[in-house]
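Student: With the UniProt record's numbering applied, the sequence shown covers 1 to 152.
One structure follows; several queries about it will come next.
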Amino acid sequence: MVLAEETAMSEGETDAFLGEMETGVLSLAKTDEPYAIPVSYGYDADERTVYLRLVSTPESEKRQFLASAPRARLVVYEEADGGTTYRSAVAAGTLEEIDPSTLSPEQITQYGRAKRPLFEIWGGSKRDLDIQLYALKPDELSGRHTEIDREE
């Protein structure tokens with residue numbers, strides 16, 4: 001028998017979780033077509049803002065979705081203690097492209113926390129890559145913590 005106890009994380013717990021994690025899955029929507037990719041990010045708990053550095057090629061599906069100013073959802077999750085503890089957070093809102101010339105020192109620090117893309121491997125020339133900076137200031141932000149007791 002498996003017993004699970006799920007609780008909502010407080011704002012502080014959700015902020016701390018997002019601040020300690022580095023990767024998640026970013027989902028974008030364009031009309032009725034979804035698109036999801038693993039990403040690295042930085043998080044500013046004071047501003048409750050996610051900072052993303054997204055790399056794409058001219059013909060990429062990612063660039064097509066980003067050009068449509070899509071609604072976005074970032075899902076960050078962690079499994080710990082041999083699969084008995086799970087934490088997750090979901091941030092939803094609209095991505096805002098950031099002009100690098102307008103960045104404050106605090107924002108530069110957050111983009112620095114967004115590690116070099118861990119999941120992006122490019123077979124083509126680096127000259128074709130486009131690096132864009134985005135901020136996601138969620139209009140919805142929640143976290144969950146689940147403890148599982150696997151009774152025999």
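Just so you know, even glycine gets a beta-carbon here, dropped at the ideal spot from N, CA and C.
Pick out whichever of Y35, F17, A80 has its Cα sitting closest to the Cα of Y41.
Tutor: One-based indexing of the sequence shown puts residue 41 at position 41. Out of Y35, F17, A80, F17 has the C-alpha closest to the C-alpha of Y41.
Student: If distances are taken between C-alpha atoms only, which option among E147, G12, L103, T146 comes closest to Y134?
Tutor: By 1-based counting over the sequence shown, the position of residue 134 is 134. Ranking the options by Cα distance to Y134, first place goes to L103.
Student: Just to confirm my understanding: we take A80, look at its own chain, exclude 5 residues before and 5 after, and list those with CB closer than 8 Å. What are they?
Tutor: Start at 1 with the first residue of the sequence shown, and residue 80 comes out as number 80. Answer for A80: Y86, R87, listed in chain order.
Student: For S60, which of helix, strand or coil comes out of DSSP?
Tutor: Here residue 60 refers to the residue found at position 60 when the sequence shown is read from its first residue. The answer is coil: DSSP assigns S60 none of H, G, I, E or B.
Student: Hey, P70 and L28 are a contact pair by Cβ (cut 8 Å); roughly how many whole angstroms apart?
Tutor: Here residue 70 refers to the residue found at position 70 of the sequence shown. Here residue 28 refers to the residue found at position 28 of the sequence shown. Yes, P70 and L28 are in contact; Cβ-Cβ is about 4 Å, under 8 Å.
Student: If you draw a straight line from the C-alpha of L136 to the C-alpha of G93, how long is it?
Tutor: Mapped onto the sequence shown, residue 136 falls at position 136. Mapped onto the sequence shown, residue 93 falls at position 93. Taking the straight line joining both Cα atoms gives about 6 Å.
Student: Scan the segment 27-83 and note each continuous alpha helix (DSSP H) run of 4 residues or more that stays entirely inside, going in chain order.
Tutor: 61-67, all fully within the segment 27-83.
Student: Three or more C-beta pairs closer than 8 Å, one from the segment 51-66 and one from the segment 4-21: is that the case here?
Tutor: The answer is no - the segment 4-21 does not touch the segment 51-66, with fewer than three Cβ pairs under 8 Å.
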